[in-house]
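Following our numbering, the numbering of the sequence shown begins with 49 at its first residue and continues without gaps.
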Amino acid sequence: MATDPGDGEPTDPDPAAWAGVVLAGGGSTRFGEADKLLAELDGTPLVRRVADRLAARTERLVVAARPGKRDTIREAFAGVPAEATVLADPEPDQGPLAGMAVGLDAVSDRYEYGAVVAGDMPFVDPALLDYLHARAAPEHDGALVRTEAGWYNTTQAVYRTEAVARGCERVLADGGGRILDAFEGLDTVTVEEAELDGVVPMRTFFDVDTPEDFEDARELV
49 MATDPGDGEP
59 TDPDPAAWAG
69 VVLAGGGSTR
79 FGEADKLLAE
89 LDGTPLVRRV
99 ADRLAARTER
109 LVVAARPGKR
119 DTIREAFAGV
129 PAEATVLADP
139 EPDQGPLAGM
149 AVGLDAVSDR
159 YEYGAVVAGD
169 MPFVDPALLD
179 YLHARAAPEH
189 DGALVRTEAG
199 WYNTTQAVYR
209 TEAVARGCER
219 VLADGGGRIL
229 DAFEGLDTVT
239 VEEAELDGVV
249 PMRTFFDVDT
259 PEDFEDAREL
269 V
């Protein structure tokens, strides 16, 4: 059920579970005129596929959406089997930092950890998020995967909500930068891609940027 933000009873953040934060603030510039997050893959919008996969493991979802897209995203989330809140990404054209900040902050009262996933990753495997959460909690501020090529998968990772939200806000206040800049002074765990052999299929990281990617995704369904 998609909802608007509301006041809740204060509780201690739970380190034994994670909330889902879906990033939906991008402009789909490489996808053409259509909104890629609402493009239907096997009859389901991309962003809803992400939500359904996260909802298999968590009861709490937050979506950071472009301000003008909140209603359509909320419609796409109708009936999702989790408590889902659609928030406005305050800086939707500045990359994922602002969406991460607002999303992680929104769940920090109840959850010590949040799984951040880009809304264009329709094959995200919740088993990976469980694995990363187990590597991070309770001592570390996050866990993320580094590919064999040396790239970090920052938008399919698990983070300590309060610490990383503040880190993102700091980078934004300094004029913006990379997601990795938000981890300065934090204790994050790097999981090498090879470590995931036999844990999850690598298609979990498949993302849709172009119409060609979308056609490839059709073949993977």
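Note that CB positions come from ideal geometry on N, CA and C, so glycine has one too.
query: Cα-Cα separation between Gly91 and Trp199, rounded to whole angstroms; result: 32 angstroms
query: Segment contact flag, the stretch 161-170 with the stretch 232-245, C-beta cutoff 8 angstroms, min 3 pairs; result: no
query: Bridge partners - Gln204, DSSP secondary structure assignment; result: Val165
query: Distance cut-off 7 angstroms: Asp235 Cβ against heavy atoms of the ligand COA; result: In terms of ligand content, the structure shown is empty, and the ligand COA therefore cannot be addressed.
query: Val212 at chain D interface by Cβ criterion, 8 angstroms; result: As a matter of chain content, chain D is missing from the structure shown, which is built from one protein chain.
query: CB contact flag (Tyr207, Val164, <8 angstroms); result: yes
query: Range of the contiguous alpha helix (DSSP H) that encloses Val256; result: Val256 -> no alpha helix (DSSP H), and no H or E assigned at all.
query: Reference Glu201; option with closest CA among Asp141, Met250, Gly116 and Gly68; result: Correcting the residue identity first, residue 201 is Asn in this sequence and not Glu. Comparing Cα positions, the closest option is Met250.
query: Cβ-Cβ distance between Leu152 and Val212 below 8 angstroms; result: yes
query: Backbone CA spacing between Leu71 and Glu187 [nearest angstrom]; result: 25 angstroms
query: Alpha helix (DSSP H) runs wholly inside the stretch 185-250, at least 4 long, in chain order; result: 209-221
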